[in-house]
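Read through the structure below, which is laid out as structure tokens, and then see the notes.
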Amino acid sequence: MLERLTDPRFKAISQPSAQAVALTTQILEREPAPVIAEIGIGIGATSMALCSLLDHRGEAWFFDFEDRVTELAADLAAAGYTNIRTFGNSRATHDSYGWTLAMLLRRRRASGPAALFDFIYLDGAHVWHHDALATVCAKALLKPGGFLLMDDYDWTIAVSPTMRPSVNPTIRQHYTEEQIELSHVEMICSLLLDDDPHFERVPLGYRGREHRRAYRRLY
Ligand SMILES: C[S@@+](CC[C@H](N)C(=O)[O-])C[C@H]1O[C@@H](n2cnc3c(N)ncnc32)[C@H](O)[C@@H]1O
Numbered sequence: 004m005l006e007r008l009t010d011p012r013f014k015a016i017s018q019p020s021a022q023a024v025a026l027t028t029q030i031l032e033r034e035p036a037p038v039i040a041e042i043g044i045g046i047g048a049t050s051m052a053l054c055s056l057l058d059h060r061g062e063a064w065f066f067d068f069e070d071r072v073t074e075l076a077a078d079l080a081a082a083g084y085t086n087i088r089t090f091g092n093s094r095a096t097h098d099s100y101g102w103t104l105a106m107l108l109r110r111r112r113a114s115g116p117a118a119l120f121d122f123i124y125l126d127g128a129h130v131w132h133h134d135a136l137a138t139v140c141a142k143a144l145l146k147p148g149g150f151l152l153m154d155d156y157d158w159t160i161a162v163s164p165t166m167r168p169s170v171n172p173t174i175r176q177h178y179t180e181e182q183i184e185l186s187h188v189e190m191i192c193s194l195l196l197d198d199d200p201h202f203e204r205v206p207l208g209y210r211g212r213e214h215r216r217a218y219r220r221l222y
């Protein structure tokens, strides 16, 4: 998988998320062995950067489709990383990392406190039906003091080069006009995070359009 990082066809997802790197760097200043999660790995640009930053400390957990995390696990093992765990889901229409996280949360609650992660980077499908559930679980799995980074705050199906109706007319069978026009991640942030007293916003330095939004769990 990591060989695609230099393939021009994957240019759009070939660079690590600067904000994920910055927040993990902050975490490492106070937690020598953090547990971090990337939900949605793409071709591993941020995954690789996070492993490099951890430098064999703590653990990095990766969530995506089974075939993708299997490839990433092999590449990271070949690069010498042993502190990684991968969680794959099927390609069934209604399956996703949201379900995987729900099962993880259920197992953790059955055996003690749920909080596990110092940092969670949620960068998957960016659609309400997968990501609202994933966010509910991520909030519960985040340790007090931990960071949650929400990607594609400004993304809509209407602007997607591959999903917008002019390119992919069948999208209208799956989403309403409203769901095509509105940002699902913005909906999730405003309904599940912005007003939650357990969370505070972490400024990321955007002056204009916000592409990502970050939160710290307070307690
Ligand atoms: C934009 S990419 C992630 C990029 C990556 N975080 C990075 O910084 O390089 C989105 C990822 O979400 C995954 N994804 C989308 N829908 C999914 C689903 N239903 N189940 C599992 N993974 C999904 C895709 O396979 C893809 O790897």
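Numbering (the working numbering), first residue to last: 4 to 222. All residues carry an ideal CB built from backbone N, CA and C; glycine is no exception.
- Item | Distance between L79 and T179 (C-alpha atoms, nearest Å) | One-based indexing of the sequence shown puts residue 179 at position 176. One-based indexing of the sequence shown puts residue 79 at position 76. Their backbone Cα atoms lie some 40 Å apart in a straight line.
- Task: Determine the direct distance from the alpha carbon of I46 to that of G83, and round the result to whole angstroms.
- Result: Locating residue 83 in the sequence shown gives position 80, where the first residue counts as 1. Locating residue 46 in the sequence shown gives position 43, where the first residue counts as 1. Rounded to the nearest angstrom, the two C-alpha atoms are 18 Å apart.
- Flag this pair as touching only if the segment 163–178 and the segment 47–57 have three or more C-beta atom pairs under 8 Å; answer yes or no. In short, these stretches do not touch, since the Cβ pair count stays below three.
- Message: With three or more C-beta pairs closer than 8 Å as the rule, is the segment 13–33 touching the segment 88–108?
- Response: Taking 8 Å as the limit for Cβ pairs, the verdict is that the segment 13–33 does not touch the segment 88–108.
- Message: Just to confirm my understanding: we take L56, look at its own chain, exclude 5 residues before and 5 after, and list those with CB closer than 8 Å. What are they?
- Response: If you number the sequence shown from 1, residue 56 lands on position 53. V24, T27, T28 and L31, listed in sequence order.
- Message: With distance defined between alpha-carbon atoms, name the residue in P35, R88, Y222 and E6 nearest to A118.
- Response: Start at 1 with the first residue of the sequence shown, and residue 118 comes out as number 115. Considering only alpha carbons, the answer is Y222.
- For C192, which of R175, H214 and P37 has the nearest alpha-carbon? Numbered from 1 along the sequence shown, position 189 holds the residue referred to as residue 192. Among R175, H214 and P37, the Cα nearest to that of C192 belongs to H214.
- Message: For F68 and D10, what's the separation of their Cα atoms in angstroms?
- Response: Taking the first residue of the sequence shown as position 1, residue 68 is located at position 65. Taking the first residue of the sequence shown as position 1, residue 10 is located at position 7. In a straight line, the C-alpha of F68 is about 21 Å away from that of D10.
- Quick one: what does DSSP say A40 is sitting in, helix, strand or coil? For the purposes of this step, residue 40 is taken as the residue at position 37 of the sequence shown. Here A40 sits in strand by DSSP.
- Below 7 Å CB to CB, which residues in the same chain sit around F13 once its five sequence neighbours on both sides are set aside? Position 10 of the sequence shown, counted from the first residue, corresponds to residue 13. Taken in chain order, the residues that qualify are R7 and I46.
- Message: Using DSSP's beta-bridge definition, name the partner residues of T89.
- Response: Taking the sequence shown and counting its residues from 1, one reaches residue 89 at position 86. Note: T89 sits in a beta bridge opposite F65.
- Message: For D126 and I42, which I take to be in contact (beta-carbon distance under 8 Å), what is that distance rounded to the nearest angstrom?
- Response: For the purposes of this step, residue 126 is identified with residue 123 of the sequence shown, where counting begins at 1. For the purposes of this step, residue 42 is identified with residue 39 of the sequence shown, where counting begins at 1. The Cβ separation is near 7 Å, so the contact holds.
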